[in-house]
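Sequential numbering from 1 applies to the sequence shown in the numbering used here. Note sheet for the following structure.
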Amino acid sequence: MLFLVINCGSSSLKFKLVETSWEQIENNTDKIVASGEVEQIGQSYSKLHLKTDGIQRSEQIEIKNHHEALEKAMQLFETATDKAIKMDELSGIGHRVVHGGELLSESLVIDQEVEDQIEECIQFAPLHNPHNLEGIRAAREHFPELPQIAAFDTGVHQTLPVKSYMYAIPWHYYEQHGIRRYGFHGLSHRYLRMRCAQLMDKSTSDIKVVTCHLGNGASLAAFDGKTVIDTSMGFTPLEGLVMGTRSGDIDPAVVTYIMSLENFSREEIDCVLNQQSGLLGLSGKTNDMRTLLKLMGQGDERAELALDVFCQRLKKYICAYYGLLNGADAIVFSGGIGSNSYEVRRRAIENLDQLGIIPDCSLNTELVVTEGRFSTPDSSTALFVIPTNEELMIARDCYRCLQATN
Ligand code: AMP
């Protein structure tokens, strides 16, 4: 079956066309037929990129909103391909939705009730859910006859035990206002656990794995089989690791102290912690790991410090999750940083041989974007690089949803 998978951000619409079936899922042979992206929606020059079977096309046109973005992308797709794949072969549209709250965990066909619940979760994800909803509405308008399926980034984390998702604050904040840890990047973490189990020739129910999604936003999850026993992002994606521009964990007293120091509003302090902190705040120059590594090579001390803080926080989380799991079968690295930077991987797991975590340094340096194992044969924990594939996860969920309802 063929699915269009859509991921809408504030000014972007990414899409992939994925072919999948039971057999393809089992053999991991699902096919990405095409992929593309519309960037800078709402600006005078939007960019539209499309990639399909060796053909790459790009256009610059004015695109006012997500409805138009989808329409133009589909037009370009149909004219750019002389292959037999036409939109009338689509079986459904899958949508990445960032926040599903406590009620929406499994991927499911979107009806009015589901849409209302996604809307309700805007209070928890004001920067993401509104755009996800725009994508859903645009796709429904464009493909009124097709089922629309939502897959949630918070979804798999709904398996978290209560002791992992509660904050130690007065109870009514949870009961009346839903303030708890939700966790994010769930589709990526699920993919990494699934692919890791396949590479180890084990069932997903049987492995204990720590998955590290390290991109501009970054988080970890600790899986005991199919259950996430802890994850590093919380009520919002601000908690946990040091990220490109987000502080990650911080003493809450620092927040109130800066607010009174600077006479900041909620919006202003949000901006400091989400957009001016992390690698950018520490280095004073960049939120981009590649640039940071270059600066470090040129002797920039603040860049070196930023990397040190990033890697120490990461190592602390890896070790904490290793302990919570009572040992892990595998640790997986992914995301732009985790898939590419052997230096970050090296620092994050150096000197852990007492825990049975032993990297093969030359294998580590060889793995750049490619999938592979880089632990030594005597390491009791296997180490993997696995480029993530959230869209594939969504397409498979679409397939399972439709099979279950037919
Ligand atoms: P993502 O959000 O997953 O696209 O990841 C973006 C992050 O990955 C940025 O900080 C990039 O600098 C980083 N990144 C991409 N390629 C490399 C590379 N070759 N080495 C180190 N970091 C990289």
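We put the beta carbon where it would ideally sit given N, CA and C, even for glycine.
Spatial neighbours of residue i within its chain, please: CB distance less than 6 Å, with the 5 preceding and 5 following residues excluded, ordered by chain position.
i	result
Ile41	Ser11, Ile63 and Ala69
Met243	Gly217, Ala218 and Gly278
Ala138	His66, His67 and Leu70
Leu104	Gln117 and Phe152
Since residue i and residue j should fall inside the 8 Å C-beta cutoff, what is the C-beta to C-beta distance between them, to a whole number of angstroms?
i	j	result
Gly155	Ser107	7 Å
Ile331	Ile357	7 Å
Val210	Tyr321	5 Å
Asp224	Leu325	6 Å
Thr227	Gln276	Going by Cβ atoms, the distance from Thr227 to Gln276 rounds to 36 Å, so no, they are not a contact pair.
His157	Cys121	That belief does not hold up - the Cβ atoms of His157 and Cys121 are roughly 14 Å apart, past 8 Å.
Ser91	Leu17	Not really, about 11 Å apart at Cβ, beyond 8 Å.
Leu220	Thr231	7 Å
Phe101	Gly178	Rather than Phe, the amino acid found at residue 101 in this sequence is Gly. Confirmed, about 7 Å.
Phe152	Val114	Wrong, their Cβ atoms sit about 10 Å apart, outside the cutoff.
For residue i, is the classification buried or exposed, using 16 other Cβ atoms within 10 angstroms of its Cβ as the cut-off for buried?
i	result
Thr405	exposed
Ile169	exposed
Cys361	exposed
Asn7	buried
Ala84	Any reading at Ala84 must be qualified, since the residue scores a pLDDT of 48, below 50, and its modelled position is unreliable; no value is offered.
Asn27	exposed
Ile118	buried
Ala253	exposed
Ile61	exposed
Asp116	exposed
Asp397	buried
Tyr399	buried
Ser283	buried
Gly335	buried
Val5	buried
Val369	exposed
Glu239	buried
Suppose contacts are defined by Cβ-Cβ distances below 8 Å. Is residue i in contact with residue j by that definition?
i	j	result
Glu390	Tyr191	yes
Ile25	Ile93	no
Gly323	Lys208	no
Ala382	Met194	no
Arg181	Phe124	no
Asp30	Ala395	yes
Tyr167	Leu241	no
Gly215	Ile337	yes
Ser339	Pro387	yes
Leu273	Ser247	yes
Cys311	Arg347	yes
Glu89	Leu76	no
Leaving aside the five residues before and after residue i along the sequence, list all residues of the same chain whose C-beta is less than 8 Å from its C-beta, in chain order.
i	result
Gln56	His49 and Leu50
Ala73	Leu13, Phe15, Gly36, Val38, Leu48 and Leu50
Met296	Ala303, Glu304 and Leu307
For a test of the three-state rule: what should DSSP assign to residue i, helix, strand or coil?
i	result
Lys208	strand
Lys226	coil
Ile61	strand
Arg373	strand
Gln298	coil
Asn7	strand
Tyr174	helix
Arg181	coil
Leu273	helix
Thr159	helix
Phe235	coil
Ala84	Low local confidence applies: a pLDDT of 48 at Ala84 is under 50, so the model's placement there is unreliable, with the coordinate-based value given in what follows. If DSSP states are grouped into helix, strand and coil, Ala84 belongs with coil.
Ile55	strand
Ser334	strand
With a CB to CB cut of under 7 Å and the five nearest residues on each side skipped, what residues in its chain are close to residue i?
i	result
Leu367	Tyr342, Phe374 and Val385
Pro161	Ile229
Glu134	Cys8 and His66
Pro130	Ile122
Pro147	Gly92, Val109 and Leu402
Glu141	His67
Thr365	Tyr342
Ser379	Gly356, Ile357 and Ile358
Can you find a CB in chain D that lies within less than 8 Å of the CB of residue i?
i	result
Ala197	Absence of chain D from the displayed structure is noted, only one protein chain being present.
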